[in-house]
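Below is one structure, written out as structure tokens, with a few remarks after it.
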Amino acid sequence: MNWEQLLSLKRFGDTNKRIRKEQDETRLGFEVDYDRVIFSAEFRSLQDKTQVIPLSQTDFVHTRLTHSLEVSVVGRSLGRLVGKKLLEKHPHLHSVHGYQANDFGAIVAAAALAHDIGNPPFGHSGEKAIGEFFKTGNGKQFKDSLTDKEYQDLCDFEGNANGFKILTESRAGREGGLRLSYATLGAFMKYPKESLPKKPTKHIADKKYGFFQSEKEAFIDVASELGLLKRSETDISFSRHPLAFLVEAADDICYTIIDFEDGINLGLIQEEFALEYLINIVRDKIKTKNYYELSNKEDRVSYLRALAIGTLIDEAAAIFMEHEDVILNGSFDCALLDKSKYEAQINDIIKISIENIYQSSEVVDKEIAGYGIINTLLKTYTNAVNNGYNNTASNYDKLILKSLPKTIKTDDVSLYKRLSSICHFVSLLSDSKAILNYKKLKGFQFS
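First residue of the sequence shown? That's 56 in our numbering, and the numbers climb one at a time after it.
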């Protein structure tokens with residue numbers, strides 16, 4: 056892969072090539088990507104979607120929106136740091152093509168901002184709940200009417216693939232979705248493959264999948280424009296865009312350190328753990344006098360968190376540059392932080408978070424409720440849409456159909472497109488909206 060292609064400013068529908076040197080520096084194309092994501096309705100709904108702790112009444116626990124903003128900030132710093140080093144290593148990118156260090160930061164920031172935009176309500180349990188509906192629930196009846204890959208899309212409903220759908224799907228008045236630059240779309244695609252075969256190798260790009268069958272052509276178009284390397288001759292699978300490793304690192308840094316901070320502030324993790332585990336990451340940067348002058352727990356943990364994030368940003372950037380050649384030829388097969396000298400400390404923090412936060416009663420109760428809510432929504436909506444298509448709709452089905460947005464493909468001849476559009480609609484619901492819709496279906500609207 057080469058950086059000239061990987062930094063493509065092309066957008067959906069472009070007929071002429073966009074040249075970096077011809078860009079308006081006051082409104083750079085990559086920065087427009089950030090604007091389009093942040094003003095989208097799908098991004099705004101993240102303010103009412105669970106990050107870890109559900110529906111918390113405290114004012115410091117993260118939602119998907121605050122998490123995404125923080126990942127974006129970390130990603131921007133990572134991108135700029137790497138961009139500066141890349142331009143020193145490949146000076147023609149600046150002298151011939153006009154690229155600047157901030158371009159890399161803008162691409163990673165926009166992709167990082169959007170990295171959770173496709174996640175359904177109730178966190179990762181929402182993805183699992185949609186999948187379970189088709190694997191073992193009422194949706195299993197559709198298996199024989201779908202191709203293997205279509206059915207796998209539904210059984211392993213994937214927030215990353217759903218995010219690519221949001222960013223690229225055309226609809227009336229919105230051709231090409233948000234029309235982001237292909238460079239940003241490439242950086243967004245952490246798993247550039249289709250749903251089958253499932254985990255064919257231990258390569259990081261095979262961990263999950265990155266697009267639904269409905270967006271297959273859009274994905275191939277983006278991958279081809281960017282010059283991503285094919286990894287399979289029989290199925291659609293490509294090497295990652297190099298900047299996707301930075302988006303992943305920004306996410307890894309934030310959820311590792313900031314979820315840990317949330318757990319301490321909520322009292323789920325003892326403050327002593329923060330000192331014990333974070334100190335090993337920030338030992339070279341901490342100013343002991345400053346630390347002990349802080350009078351409350353939140354300030355002390357915040358200080359350690361800021362130092363830890365800064366340390367890991369520097370570490371991730373150094374690892375990227377050390378392995379740039381291997382990354383460009385598609386052979387780098389793990390996350391950047393898997394090569395970190397702080398890997399043991401990071402794993403210790405994640406282990407504590409799993410035991411004390413991710414498996415806490417609050418989180419488990421949220422997942423239980425999420426399963427029930429999403430199962431009810433999918434069962435009701437799929438029955439109504441398919442009965443309507445087959446002209447067997449009951450009066451109840453007809454009422455349900457009237458309540459659904461016109462974006463749902465209720466009359467599409469493809470069963471897969473009807474089912475995937477229902478899943479997509481449910482995925483876009485915020486936690487509160489999903490609960491409200493559930494209550495309506497259960498007859499609690501007026502209670």
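Built from N, CA and C at the ideal position, the CB exists for glycine as well.
Within the continuous alpha helix (DSSP H) that includes H145, where are the two ends?
Segment: none, H145 is in no alpha helix (DSSP H) and carries neither H nor E.
Going by C-alpha to C-alpha distance, which of T435, S395, Y358 and V440 sits closest to H378?
S395
Please say whether R295 and A260 have beta carbons closer to each other than 9 Å?
Result yes, Cβ atoms of A260 and R295 sit closer than 9 Å.
Nearest CA to the CA of S127: which residue from A166, N441 and Y346?
A166
Tell me whether the beta-carbon of P474 lies closer than 9 Å to the beta-carbon of L251.
In the sequence on display, residue 474 carries Leu and not Pro. No; because the gap between Cβ atoms is not below 9 Å, this pair is not in contact.
Determine the DSSP secondary structure at F26, reduced to helix, strand or coil.
Because the chain in this structure spans residues 56 to 502, residue 26 falls outside the shown range and cannot be described.
Apply the 10 Å Cβ neighbour rule to G186 and answer buried if 16 or more other Cβ atoms are within range, or exposed otherwise.
Buried.
Just how far apart, CA to CA, sit S269 and S225?
11 Å
By the three-class DSSP mapping on this structure, what secondary structure does K285 have?
Note: K285 maps to strand in three-state DSSP.
Counting along the chain, where does the alpha helix (DSSP H) carrying T81 start and finish?
T81: not part of any alpha helix (DSSP H); DSSP gives it neither H nor E.
Hey, out of N320, S386 and I324, whose CA is closest to N351's CA?
From the listed residues N320, S386 and I324, the smallest Cα separation to N351 is found for N320.
Could you give the DSSP three-state label for D114: helix, strand or coil?
In this prediction, D114 scores a pLDDT of 49, lower than 50, which makes its location untrustworthy; no coordinate-derived value is stated.
In chain order, what residues of the same chain lie with their CB nearer than 6 Å to the CB of D171, ignoring the 5 residues before and after it?
Result list for D171: R119 and S123, in chain order.
Would you decide whether D114 is buried or exposed? Buried here means 16 or more other CB atoms lie within 10 Å of its CB.
Confidence at D114 is low in this model, with a pLDDT of 49, below 50, so the placement of that residue should be treated as unreliable; the coordinate-derived value is given next. Flag for D114 reads exposed.
Based on Cα-Cα distance, which residue from Q78, A371 and D211 lies nearest to G138?
Answer by Cα proximity: A371.
Residue ranges of each beta strand (DSSP E) run of no fewer than 3 residues wholly in the region 141-195, ordered along the chain?
none
Looking at K263: is its Cβ nearer than 9 Å to the Cβ of V302?
For K263 and V302, no; Cβs fall outside 9 Å.
By how many angstroms is the C-alpha of G265 removed from the C-alpha of S287?
15 Å
Could you tell me if E398 is buried or exposed, where buried requires 16 or more neighbouring beta carbons within 10 angstroms of its beta carbon?
Counting Cβ neighbours within 10 Å, E398 comes out exposed, since fewer than 16 surround it.
Looking at C-alpha atoms only, which residue of G282, F197, K72 and F85 is the closest neighbour of W58?
G282
Which residue's Cα is closest to the Cα of R66: L240, N492 and K183?
L240
Between which two residues does the alpha helix (DSSP H) harbouring L433 extend?
S416 to Y444
Return the chain-ordered list of same chain residues with a C-beta closer than 7 Å to the C-beta of L349, the five sequence neighbours on each side being excluded.
A distance below 7 Å between beta-carbons, with the five flanking residues on each side excluded, links L349 to the following residues of its chain, in chain order: R355 and Y358.
Please classify N174: is it buried, with 16 or more other beta-carbons within 10 angstroms of its beta-carbon, or exposed?
buried
Pull up the distance between the alpha-carbon of T435 and that of I455, whole angstroms please.
8 Å
Please name the residue or residues paired with R226 in a DSSP beta bridge.
R229
Go ahead and pull the three-state DSSP assignment for T105.
strand
How about N411 and L330: are their beta carbons less than 9 Å apart?
no
Quick check on DSSP: helix, strand or coil for K248?
DSSP places K248 in strand when its eight states are reduced to three.
State the DSSP-derived secondary structure class of A399, mapped to helix, strand or coil.
When DSSP states are grouped into helix, strand and coil, A399 belongs to the helix group.
Helix, strand or coil: which one does DSSP assign to I463?
Reduced to three states, the DSSP call for I463 is coil.
Tell me which residue opens and which closes the alpha helix (DSSP H) that N351 is part of.
No alpha helix (DSSP H) contains N351, which DSSP labels as neither H nor E.
Decide if H147 is buried, meaning its Cβ has at least 16 other Cβ atoms within 10 Å, or exposed.
exposed
Taking the C-alpha atoms as reference points, what is the distance between D403 and I409?
10 Å
Helix or strand or just coil, what does DSSP make of E303?
Three-state result, E303: helix.
If you check the beta carbons only, do K104 and S485 fall under 9 Å apart?
yes
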